[in-house]
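Read top to bottom, the protein sequences are chains V and L. In the numbering used here, each number is its position in the first sequence, counted from 1, plus 11. In the numbering used here, each number is its position in the second sequence, counted from 1, plus 3.
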Amino acid sequence: MSSHPVWAAGVCAGLHAAGSRHVVYVPDNPLSHVLRVLREQYADVTTTIATREEEAFGIAAGLYLGGKRPTVMLQSSGLGNSINALTSLFVPYKIPALIVISMRGDEDATEWNPAQIPMGRAVAPICDAIQIPHVTLASPEAAQQTLEEIGNAAFASNQARACLLPRRITVPPK
Amino acid sequence: MNRLEATRALSKWFGDDAVIASLGHPAYDLFTAGDRDANFYTWGSMGLASSIGLGLAMAQPDRRVVVLDGDGSLLMNLGSLATIGWVQPKNLVLIVWDNALYGTTGGQDTATAHGADLAAAAGAMGIRAVATVRNLDELTATAARVDTEPGPWVIVAKVSENSPTSKPTLDYVLIKERFMKAMRQ
């Protein structure tokens, strides 16, 4: 559908191609595009809103234990709410998930809200520190292949792995 | 009743259910009451047992999923009740061992010792099958109701603290793999 951003359509196609039929999330503005594509074009994908990102990871862990391939979507600020779930459940039990992080404050000179900047800078180092492999989406057109590859690698290796969606792609400069 | 007595009273009732235990004493007592492949022992992620149970109940709607939570743990993730109330998984049974204290960390009071009512919170979040039980007879009678009345259920079981005598393995991947194997059957 041409009305949807290329990156958002690619995220949906990629997670679907990786076999994910369950998306658990805490919304943010750019992710609303992804959710709209899922609602309109992916009737076989179940979406569940959690009250908090850590809860989303708990639900995702249960989905995986029941044989599903969960995707967790969150804003970068929500990674701070998720760390204990990742470090004391996903990593030590080797529970995989495809994680999609909508970035804020990653290009801090143009971020209007200073509250977003510290975590925007810290997402990648935190992922490194807690053993969450991650890649930053390189272009809107790369979204489908990148998500599919990360998802397939995550579920093949029993690792939670993340795709970071940079602000310059999700909200391009006018 | 203490928590171990209560856990033992449910051991046969579990049948083939998936049982998710919150970290610390609830998990230790589940292991002591009877280790089984369909037990998932958390060793961390305090507060998330009910969320793990919700996800599992969504993944396998034909299997009964029992969560053994603690009052302190549920207080850490009260939003989980709102999500369970929204999703309405008929096969989820959340049992809260409410001893009104943080038993694993030295016995500090929780808010349920000072008026917080977790059963009322569950009801307020749209969970209709809610019970508070105070002895083994009430617990087993409520478990029998669960067999015939659809969930989601929240059962707040007022228990006294006991000192666990054994603990499950620290091989987390083993816990996960044998649990998932049981979930494939």
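For each residue, glycine too, the CB sits at the ideal point set by N, CA and C.
Taking CB atoms only, residue 39 (chain L) has no neighbour in chain V less than 8 Å away. Counting only residues of its own chain and dropping the five nearest sequence neighbours on each side, residue 28 (chain V) has a CB closer than 6 Å to the CB of 159. In terms of CA proximity to residue 95 (chain V), L:46 leads the group L:38, L:73 and L:46. Between the stretch 88-96 of chain L and the stretch 108-124 of chain L, the count of C-beta pairs closer than 8 Å stays below three; the two stretches do not touch. DSSP places residue 14 (chain L) in the helix class (H, G or I) of the three-state scheme. Taking residue 181 (chain L) as reference, the option from L:41, L:36 and L:21 with the minimal CA-CA separation is L:41. DSSP lists V:57 and V:81 as the beta-bridge partner residues of residue 33 (chain V).
Within the same chain, Cβ atoms closer than 6 Å to the Cβ of residue 144 (chain V) are found at 172, the five residues on either side in sequence being excluded.
Here residue 84 (chain L) is buried: its Cβ has 16 or more other Cβ atoms, across all protein chains shown, within 10 Å. Contacts with chain L at 8 Å (Cβ-Cβ) do not include residue 36 (chain V). Residue range 121-127 is occupied by the alpha helix (DSSP H) that includes residue 124 (chain L).
When Cβ pairs closer than 8 Å are counted between the two stretches, the stretch 52-62 of chain V is seen not to touch the stretch 153-166 of chain L, the count staying below three. For residue 43 (chain L), the enclosing beta strand (DSSP E) covers residues 42-44. 8 Å or more divides the Cβ of residue 65 (chain V) from the Cβ of residue 71 (chain L). Here the C-alpha atom of residue 169 (chain L) lies approximately 8 Å from the C-alpha atom of residue 32 (chain L). When beta bridges are read from the DSSP output, residue 97 (chain L) appears opposite L:70 and L:157. Excluding sequence positions up to five before and after residue 101 (chain L), its CB lies within less than 6 Å of the CB of 74, 115, 159 and 161, all in the same chain and listed in chain order.
As computed with DSSP, residue 105 (chain L) is found in a beta bridge with L:111.
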